[in-house]
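Count the sequence shown with our numbering and you get residues 301 to 381, in order.
Read through the structure below, which is laid out as structure tokens, and then see the notes.
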Amino acid sequence: MFTYTTSGVCSKKIEFMVEDGVVKKISFQSGCPGNLQGVSRLAEGMKVEDIIIKLKGIKCGDKETSCPDQLARALEELQNK
């Protein structure tokens with residue numbers, strides 16, 4: 301399980317599990333529960349690269365980032381390790 305501390309969004313952290321390049325489990329702490337549960341369920345089972353492509357750059361209102369964008373950043377960080 302990996303943990304990513306978010307920045308600039310309502311959620312405080314994201315915990316996720318990746319096996320063989322596929323995201324198996326995602327859990328957001330805080331934030332909009334319904335939306336984040338939906339994002340998590342849609343992304344689970346997808347390849348890391350596909351999630352990054354779909355979610356990177358999404359903004360929340362006038363913020364420069366969003367919870368989905370933070371998930372993409374977390375997965376990018378994992379890839380770069």
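Beta carbons are placed, not taken as given, at the ideal position from N, Cα and C, and that holds for glycine.
Keep in mind it's a predicted model, so treat the numbers as computed, not measured.
query                                                                                : result
Three-pair Cβ contact test at 8 Å for the stretch 333-340 versus the stretch 362-379 : yes
Buried or exposed (CB count within 10 angstroms, at least 16 for buried), F316       : buried
One or two residues paired with S327 in a DSSP bridge                                : E315
Which of helix, strand or coil DSSP assigns to K354                                  : helix
V399 - DSSP class collapsed to helix/strand/coil                                     : Coverage of the chain is limited to positions 301 through 381, which leaves residue 399 absent and any answer about it impossible.
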